[in-house]
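Working notes, structure below.
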Amino acid sequence: MTESTKQMYLQMGISENVFNFCNEIERTLSGRFKEIDEVAEYNQMKVLKAMQKNRVSDVHFAASTGYGYNDIGRDTLEQVYADTFHTETALVRPQLTCGTHALTIALSANLRPGDELYSPVGKPYDTLEGVIGIRDSVGSLKEYGVSYRQTDLLADGSFDYDNIAKAINDKTKLVTIQRSKGYTTRPTFSVKKIAELIAFIKKIKPDVICMVDNCYGEFVETVEPSDFGADMIVGSLIKNPGGGLAPIGGYIAGTNECIERCAYRLNAPGLGKEVGATLGLNQALYQGFFLAPTVTAGALKGALFASAIYEKLGFKVVPNSTESRHDIIQAIDFGSPEHVIAFCKGIQSAAPVDSHVDPEPWDMPGYDAPVIMAAGAFIQGSSIELSADGPIKPPYSVFFQGGLTWYHAKFGIIKSLQKMTEAGLIKL
Ligand SMILES: *Cc1c(COP(=O)(O)O)cnc(C)c1O
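The opening residue of the sequence shown carries number 127 in our numbering; numbering runs sequentially from there.
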């Protein structure tokens, strides 16, 4: 680090001892950073190969309107996703409004009244509770006669294979596997673990559909669950695969059979993939996918950096600074609301957008405690951009993710520590 870079940090409100402390930690991470870069390099080639194979060209960036018939940009982008994730086909659309919507389409398209949906990995992501009908909700799968069953993880976070074997029955049609821990403290599953689980399930019931909620996991490893028998992988374009450039969208990649049903469900029976105007968004979707491996690597470095800093200061961090990583989320248990608030204020004040805004906890609809959120994002709610949320309730954890560049993620984390030292919450 040059003296002028250090001076820049000092000018941006970082004190010398906070700066030195963080810099020391960063130096211990060089081996891990190299591994992250190697994964990114491989994934960059994987995406590039798919783009070249499909002869991506500027005609694919043209806008379609109305019905969107013959939108070759859209169709080619879907083939680029399919070739990158090694699936037969994919649905990649701005009309998939978010991750929850993409998952809802994948589920409702492939389940029929009388079928059972099964999660062998415990409770799914919060928003899916309403979709499935675990929490009563208008239009849930439950209202359409789809039942739901789950098997919880064992206490150490591993799969309860005995009970999984017992839970699979005649009605089991679709198995949903959430890769990321999301905003809980269970471990995130490696692709290898997911591969073992899928193999186990398919041995018991070969025709069951295995869907993986891949949110936050794309490009963290060199393989995806679709390389190991997942019939569908599903995610959001304002997370990893959008590379920070996609302004909206979701994807479902998988077998022809499953994805065709998804297209009929998203649009209308009989219409399917043929309609869906892209309104000029194609270029951002291609370019974001092209950048996604590098952007994901930057976010991963940020998560690791935060983990190492706060672990050193004695806080519980999940995952810790030596574990292998399978998603971009970092949880830190601070044990006090003041720490959570100071952390989020630090992240916010480091943002390129709305850095002057001071976040406060508020009673968000749907949450049982006030939540403080830090997000100074170019795209609303984008969590591949540097962001943090902290529910104000024990154990007073912060969930932190994203960063379009490693340098920005680094600055945000340093700033969070700066705020904490200024508030007298941490002494270095
Ligand atoms: C973010 C996320 C979702 C939902 O995505 P939204 O875009 O917020 O609707 C679902 N599952 C997991 C694991 C996620 O991280």
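Idealized CB from N, CA, C, for every residue including glycine.
Original post:
Is the region 469-480 touching the region 525-539 in the sense that three or more CB pairs, one from each, lie closer than 8 Å?
Top reply: Flag = yes, the region 525-539 and the region 469-480 touch.
Subject >> Status (buried if at least 16 other CB within 10 Å, exposed otherwise) for H186 >> reply: Within the sequence shown, the letter at position 60 stands for residue 186. Result: buried.
Original post:
Cβ atoms of I458 and A425: under 8 Å apart, would you say?
Top reply: Residue numbering aside, residue 425 sits at position 299 when the sequence shown is read from its first letter. Residue numbering aside, residue 458 sits at position 332 when the sequence shown is read from its first letter. I458 sits away from A425, with the two beta carbons spaced by 8 Å or more.
Subject >> Simplified DSSP assignment, three categories, for I458 >> reply: Within the sequence shown, the letter at position 332 stands for residue 458. I458 falls in the strand class under three-state DSSP.
Original post:
Between which two residues does the alpha helix (DSSP H) carrying K249 extend?
Top reply: Numbered from 1 along the sequence shown, position 123 holds the residue referred to as residue 249. Membership of K249 in any alpha helix (DSSP H) is not indicated, and neither H nor E is assigned to it by DSSP.
Original post:
Counting pairs of Cβ atoms below 8 Å between the region 198-217 and the region 336-353, do you hit three or more?
Top reply: Yes, the region 198-217 is in contact with the region 336-353.
Original post:
Is the beta carbon of R305 less than 8 Å from the beta carbon of V338?
Top reply: Taking the sequence shown and counting its residues from 1, one reaches residue 305 at position 179. Taking the sequence shown and counting its residues from 1, one reaches residue 338 at position 212. Yes, Cβ-Cβ distance for R305 and V338 is below 8 Å.
Original post:
Which residue's Cα is closest to the Cα of K427: G440, R451, G406 and L407?
Top reply: Locating residue 427 in the sequence shown gives position 301, where the first residue counts as 1. Among G440, R451, G406 and L407, the Cα nearest to that of K427 belongs to R451.
Original post:
So which of A208, T154, R158 and A189 has the shortest CA-CA distance to K179?
Top reply: Residue 179 sits at position 53 when you count from the first residue of the sequence shown. Ranking A208, T154, R158 and A189 by Cα distance to K179 puts A208 first.
Subject >> Beta-bridge partners of M337, as assigned by DSSP >> reply: For the purposes of this step, residue 337 is taken as the residue at position 211 of the sequence shown. According to the DSSP secondary-structure assignment, M337 is paired through a beta bridge with T302 and M358.
Original post:
Under the three-state reduction of DSSP, which class applies to I364: helix, strand or coil?
Top reply: Position 238 of the sequence shown, counted from the start, is the residue given in the question as residue 364. When secondary structure is reduced to three states using DSSP, I364 falls in the coil class, being assigned neither helix nor strand.
**OP:** Would you mind reading off the limits of the alpha helix (DSSP H) that contains P220?
**Re:** If you number the sequence shown from 1, residue 220 lands on position 94. For P220, no alpha helix (DSSP H) encloses it, and the DSSP letter there is neither H nor E.
Original post:
Are the Cβ atoms of E204 and L217 separated by less than 8 Å?
Top reply: Sequence index remark: in the sequence shown, residue 204 carries index 78 (1-based). Sequence index remark: in the sequence shown, residue 217 carries index 91 (1-based). Note that the C-beta distance between E204 and L217 is below 8 Å.
**OP:** Could you tell me whether any non-hydrogen atom of ligand 1 is closer than 7 Å to the CB of L229?
**Re:** Here residue 229 is taken as the residue at index 103 of the sequence shown, counted from 1. The nearest non-hydrogen atom of ligand 1 is less than 7 Å from the C-beta of L229.
**OP:** With distances taken Cα to Cα, identify the nearest neighbour of I467 among R387, G376 and D484.
**Re:** Taking the first residue of the sequence shown as 1, we reach residue 467 at position 341. For the residues R387, G376 and D484, the minimum Cα distance to I467 belongs to D484.
**OP:** Express the C-alpha separation of D357 and P332 in angstroms, rounding to a whole number.
**Re:** Numbered from its first residue, the sequence shown carries residue 332 at position 206. Numbered from its first residue, the sequence shown carries residue 357 at position 231. Rounded to whole angstroms, P332 and D357 show a C-alpha spacing of 12 Å.
Original post:
When burial is assigned at 16 or more other CB atoms within 10 Å of the CB, is N382 buried or exposed?
Top reply: Counting from 1 along the sequence shown, the entry for residue 382 is found at position 256. Exposed, because fewer than 16 other Cβ atoms sit within 10 Å of the Cβ of N382.
Original post:
Hey, is K249 close to ligand 1, as in C-beta under 7 Å from one of its heavy atoms?
Top reply: Residue 249 sits at position 123 when you count from the first residue of the sequence shown. False, no ligand heavy atom lies under 7 Å from that Cβ.
Original post:
Under a Cβ-count criterion, where at least 16 other Cβ atoms within 10 Å of its own Cβ denotes burial, should L254 be classed as buried or exposed?
Top reply: Your numbering for residue 254 matches position 128 in the sequence shown. Buried, because 16 or more other Cβ atoms sit within 10 Å of the Cβ of L254.
Original post:
Should the region 503-514 be called in touch with the region 395-410, which here means at least 3 C-beta pairs below 8 Å?
Top reply: Too few Cβ pairs lie closer than 8 Å, so no.
Original post:
What number of angstroms, rounded off, separates the C-alpha of N340 from the C-alpha of F441?
Top reply: Locating residue 340 in the sequence shown gives position 214, counting from the first residue. Locating residue 441 in the sequence shown gives position 315, counting from the first residue. Those two C-alpha atoms are separated by around 28 Å.
Original post:
Which runs of the alpha helix (DSSP H) spanning at least 4 residues fall entirely within the region 424-480, listed in chain order?
Top reply: Counting only runs of 4 or more, we get 463-475.
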